[in-house]
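Visitor: Quick mapping for you: the protein sequence lines, in order, are chains A and B.
For the first sequence, our numbering gives the first residue as 9, with consecutive numbering after it.
For the second sequence, our numbering gives the first residue as 9, with consecutive numbering after it.
Yeah, the Cβ is synthetic: ideal placement off N, Cα and C, and Gly gets one too.
Only a predicted model underlies this, so the values are computations on that prediction, with no experimental measurement involved.
Pasting a structure here, questions to come.
There are 2 protein chains.
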Amino acid sequence: MNRRSSKESRQSIIDSALKIFSLHGYAGATMRMIAEDAGISVGGIYLYFKNKDELCLFLIKEKLDEFSKEAEDLFKNIDNPLDAILNYINTSIKYAKKNREFIITQSREQGFTFGIEIKKEFFNRQKALIMEIIQKGIDRGIFVKCNPEEATKVIMGIIRGFILSVVVDPDNLFDPDECCRLILYGLLNRDK
Amino acid sequence: MNRRSSKESRQSIIDSALKIFSLHGYAGATMRMIAEDAGISVGGIYLYFKNKDELCLFLIKEKLDEFSKEAEDLFKNIDNPLDAILNYINTSIKYAKKNREFIITQSREQGFTFGIEIKKEFFNRQKALIMEIIQKGIDRGIFVKCNPEEATKVIMGIIRGFILSVVVDPDNLFDPDECCRLILYGLLNRDK
DNA sequence: AATTCACATGAACAGACGTTCATCTAAAGA
DNA sequence: TCTTTAGATGAACGTCTGTTCATGTGAATT
Chain A
9 MNRRSSKESR
19 QSIIDSALKI
29 FSLHGYAGAT
39 MRMIAEDAGI
49 SVGGIYLYFK
59 NKDELCLFLI
69 KEKLDEFSKE
79 AEDLFKNIDN
89 PLDAILNYIN
99 TSIKYAKKNR
109 EFIITQSREQ
119 GFTFGIEIKK
129 EFFNRQKALI
139 MEIIQKGIDR
149 GIFVKCNPEE
159 ATKVIMGIIR
169 GFILSVVVDP
179 DNLFDPDECC
189 RLILYGLLNR
199 DK
Chain B
9 MNRRSSKESR
19 QSIIDSALKI
29 FSLHGYAGAT
39 MRMIAEDAGI
49 SVGGIYLYFK
59 NKDELCLFLI
69 KEKLDEFSKE
79 AEDLFKNIDN
89 PLDAILNYIN
99 TSIKYAKKNR
109 EFIITQSREQ
119 GFTFGIEIKK
129 EFFNRQKALI
139 MEIIQKGIDR
149 GIFVKCNPEE
159 ATKVIMGIIR
169 GFILSVVVDP
179 DNLFDPDECC
189 RLILYGLLNR
199 DK
């Protein structure tokens, strides 16, 4: 009998699940695979997680919380809205690269919509953060007068674009610096 | 015996497949569902398509070709690179909205990576088109001096961001005009 | 030594799905 | 009329997967 503490066993399952889901995707990953990788029986998984969905949702939540903390730290002391936005974009992109394989997991039959309620909550939090920064930047005259909500949506869209590119076109990822430059200065040549 | 021409039957299968895949996603859609919707037997599908993968890939290819034609028409006579880029972004976004349900289909166990070779080819074609426009814009001094490849990647990223937003955050889609404005003029207030 | 606790096992179950293929049948041709 | 062609059928097959649950076992306690 393969004996260890329940805490260890649970963590083994989580680690293995992250790995297996990342490699094979949700549907491609079977509980048998996860169990084998974790060195525990397939029935043993159900001592810790109700079912496959719950296991996957747990991972999604964990990853989103992880990022949320990181993002919120960025925005904690906002001296300079410009730096805050740049840092946010850079952090998001770095995070996407670091979690490339898990991002691939963020797809199931309904695309990236698995765990959608958790994600919506996450998006709303991020949106509020970014909007606040943009509004500050506008108030201080650093950013042009614009609809902060729309600007926020575009910026979030750009980050999502990177995420999707990580999945479908990894050979053509844009450079964060170039992206930030385009966003800040625009494409139009105003010196002309 | 439900008799009709093979052409009609094939088209019924294709139409139903598009609908069912769009509603339920790849894994959620069963051949039995598609068969029922098409009014043909489940075994009959295999008279026209080798398997489920082939049927889905056929649809992906068709949709991408459809968009390619539209995009290439946009770029046929390039008088004004600025208008061309704006039109391209607008067309892409409109196309994404119009095919929202099918886009959701663009996900399978490996995320949006099903049919990846077809998609890569598509991306490369689009990339070449956009780069050409940006280069022209730079040559004419309309766009700032920048790396056209990087600018292209950012623009493609933005469109992908819209696509992913359609899937995961449909309540917060950015407005194409606002997006174009941000891309053209940037966020920085230079009048300051 | 017997009992309890804590953790684990994996065969079996129930269900589902893509695909096959023996069979059917209407229409056209000989 | 018989034969061939063209299109269709759907039960059965084979395989797989998530989940359950009767059973096992080592360690600690009584």
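Three or more C-beta pairs closer than 8 Å, one from the region 130 to 148 of chain B and one from the region 151 to 159 of chain A: is that the case here?
Guide: As far as the Cβ criterion goes, the region 130 to 148 of chain B does not touch the region 151 to 159 of chain A, which means the pair count is below three.
Visitor: With a 10 Å radius around its C-beta and 16 neighbouring C-beta atoms as the bar for buried, classify ARG116(A) as buried or exposed.
Guide: Residue placement at ARG116(A) is poorly supported in this model, since its pLDDT is 46, which falls under 50; the coordinates still yield a value, given next. Answer is buried; the Cβ neighbour count reaches 16.
Visitor: Do LYS105(A) and VAL152(A) have their C-beta atoms closer together than 8 Å?
Guide: No; because the gap between Cβ atoms is not below 8 Å, this pair is not in contact.
Visitor: With distances taken from CA atoms, which of LYS69(A), ILE150(A), ILE48(A) and LEU90(A) is nearest LYS15(A)?
Guide: The shortest C-alpha separation from LYS15(A) is found at ILE48(A).
Visitor: Enumerate, from N- to C-terminal direction, the unbroken alpha helix (DSSP H) stretches of 4 or more residues contained entirely within the region 111 to 189 of chain A.
Guide: Listed in chain order, they are 124 to 147 and 156 to 176.
Visitor: Which chain A residues sit within Cβ distance under 8 Å of PHE131(B)?
Guide: By Cβ distance, chain A contributes VAL176, ASP177 and ASN180.
Visitor: Would you call the region 22 to 37 of chain A and the region 64 to 73 of chain A in contact, with 3 or more CB pairs under 8 Å?
Guide: Yes, the region 22 to 37 of chain A is in contact with the region 64 to 73 of chain A.
Visitor: For ASP81(B), report the span of its alpha helix (DSSP H) as first-last.
Guide: Note, ASP81(B): alpha helix (DSSP H), 60 to 82.
Visitor: 8 Å is my cut-off, CB to CB: does CYS187(A) come that close to chain B?
Guide: Yes, its Cβ sits closer than 8 Å to a Cβ of chain B.
Visitor: From ASN95(B) to ASP179(B), what distance separates their C-alpha atoms?
Guide: Taking the straight line from one Cα to the other gives about 24 Å.
Visitor: In this structure, how does DSSP classify LEU195(A) when only helix, strand and coil are distinguished?
Guide: In the structure shown, LEU195(A) sits in coil (DSSP, three-state: anything other than H, G, I, E or B).
Visitor: Select from LEU192(A), ILE166(A), ASN197(A) and LYS161(A) the residue whose C-alpha is nearest the C-alpha of ASP183(B).
Guide: Ranking LEU192(A), ILE166(A), ASN197(A) and LYS161(A) by Cα distance to ASP183(B) puts LYS161(A) first.
Visitor: Give the interface partners of ALA159(B) over in chain A, defined as CB-CB distance under 9 Å, in chain order.
Guide: Result: PHE182, GLU186, LEU190 and LEU195.
Visitor: If distances are taken between C-alpha atoms only, which option among ILE150(A), ASP177(A), ARG198(A) and ARG189(A) comes closest to ASP87(A)?
Guide: Out of ILE150(A), ASP177(A), ARG198(A) and ARG189(A), ILE150(A) has the C-alpha closest to the C-alpha of ASP87(A).
Visitor: Below 7 Å on C-beta distance, what does PHE170(B) contact in chain A?
Guide: The contacting residues are GLY165.
Visitor: Looking only at its own chain, which residues have a Cβ that is under 6 Å from the Cβ of SER20(A), when we skip the five neighbours before and after it?
Guide: Around SER20(A): ALA46.
Visitor: Between the beta-carbon of ILE166(B) and the beta-carbon of ILE101(A), is there less than 8 Å?
Guide: Cβ distance not < 8 Å, so ILE166(B) and ILE101(A) don't count as in contact.
Visitor: Once the 5 residues before and after GLU125(A) are set aside, which same chain residues still bring their CB inside 7 Å of it?
Guide: Excluding positions up to five away in sequence, the list is empty.
Visitor: For chain A, is any of its Cβ atoms less than 8 Å away from the one on PHE75(B)?
Guide: Not one chain A Cβ lies under 8 Å of PHE75(B).
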